[in-house]
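A.B. asks:
In our numbering, the protein residues as written are 4 to 340.
#1: Could you say which of 48, 81, 50 and 49 lies nearest to residue 57 if we only look at CA atoms?
#2: Between which two residues does the alpha helix (DSSP H) holding residue 49 run?
#3: Evaluate the contact criterion for the region 9-26 versus the region 62-71: three or more CB pairs, one atom per stretch, below 8 angstroms.
#4: Could you tell me which residues DSSP puts in a beta bridge with residue 252?
#5: Let me check understanding here. Comparing Cα to Cα, which of 305, 193 and 199 lies closest to residue 1?
#6: Could you compute how far the alpha carbon of residue 231 sits from the alpha carbon of residue 225?
#7: Per DSSP, what are the beta-bridge partners of residue 266 in this structure?
#8: Which partner residues of residue 238 appear in the DSSP bridge assignment?
#9: Cβ atoms of residue 182 and residue 221: under 8 angstroms apart, would you say?
#10: Report the residue ranges of all beta strand (DSSP E) runs contained in full by the region 18-87; include only those spanning at least 3 residues, in chain order.
#11: When burial is assigned at 16 or more other CB atoms within 10 Å of the CB, is residue 179 buried or exposed?
#12: DSSP three-state call for residue 112: helix, strand or coil?
#13: Cα separation between residue 66 and residue 104?
#14: Just the Cα atoms here: how many angstroms apart are residue 167 and residue 102?
#15: So what's residue 339 in DSSP terms, helix, strand or just coil?
#16: With burial defined as no fewer than 16 other Cβ atoms inside 10 Å of the residue's Cβ, what is the status of residue 39: buried or exposed?
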């Protein structure tokens with residue numbers, strides 16, 4: 004029997020999820036909801052579903068088995084809690100919520116209502132990152148001693164929805180939005196958590212007609228519980244786009260670029276690693292989640308995992324404000340709300 008799906012939010016990322024729904028066997032999209040009636044109708048027409056302007060009406064009328072929430076960050080908690088109360092399993096776009104307090108409320112509601120929750124931290128589903136993790140675990144390059152993560156791309160663009168530039172709605176700027184990917188990737192590659200953060204940010208973003216109050220760049224230096232340090236460089240001004248992860252080992256280096264490949268150096272020269280067939284990370288993510296919904300597996304990107312990423316980001320903002328290293332609570336277990 005098919006698992007039925009309702010999509011909440013009709014933005015660009017909703018398209019990615021609906022394409023994945025079509026590609027995963029045993030899934031059926033029932034409806035899409037967005038406060039913008041025209042957007043909801045266009046999305047529904049493209050994917051042959053019903054459209055709603057209120058996700059509450061959609062859930063109560065269509066009673067989907069699961070929902071995919073792709074709303075602005077400040078609406079995540081309300082939509083997730085409501086969906087859980089209606090008995091819907093939830094795939095929630097990242098970041099999980101505006102802050103750890105909201106994350107805790109979502110986790111509590113999910114547990115009380117006995118539904119599954121996955122947060123869309125999608126880094127582990129990119130083939131390049133999966134290849135990189137295999138190389139790390141094989142140990143052929145020796146011990147991993149540090150990671151340098153760089154993400155530069157124009158952030159303050161006309162195409163980006165205006166709410167991204169308001170702290171009260173986005174929870175932060177490029178550090179919150181893209182830094183979440185970086186923290187997720189580092190914690191997953193190393194199978195550990197961040198223990199300390201030192202950060203510096205700038206607030207120089209401008210966009211006509213918007214009172215921008217989110218950061219446009221950030222430099223984070225982090226320590227992990229395994230003792231391996233990492234740096235994260237993020238810039239959203241007029242930059243040359245760049246997305247590179249460099250891993251430095253005792254016997255070599257590795258470079259990872261999403262959409263381009265993985266390179267390894269054992270003698271001072273990079274050589275490209277043979278690639279395997281690429282599968283959409285959204286398809287991989289949804290496949291894993293559906294297995295969990297059917298009781299055939301466990302959720303890999305759980306609520307507590309996503310909350311741990313928000314904890315690191317909050318520590319980064321605190322570090323910038325105070326001008327000093329900030330330590331995170333030790334032994335942050337994933338079974339804690």
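No residue lacks a Cβ here, since even glycine has one placed at the ideal position from N, Cα and C.
C.D. replies: Quick look at the numbers:
#1: 81
#2: 40-49
#3: yes
#4: 147 and 255
#5: Limits of the chain in this structure are 4 at one end and 340 at the other, which puts residue 1 out of reach.
#6: Roughly 9 angstroms between the two C-alpha positions.
#7: 258 and 275
#8: 155 and 220
#9: yes
#10: 30-36, 53-55 and 69-72
#11: That one is buried.
#12: If DSSP states are grouped into helix, strand and coil, residue 112 belongs with the helices.
#13: 28 angstroms
#14: 15 angstroms
#15: Low local confidence applies: a pLDDT of 45 at residue 339 is under 50, so the model's placement there is unreliable, with the coordinate-based value given in what follows. Three-state DSSP puts residue 339 in coil, outside helix and strand.
#16: Exposed, by the Cβ-count rule.
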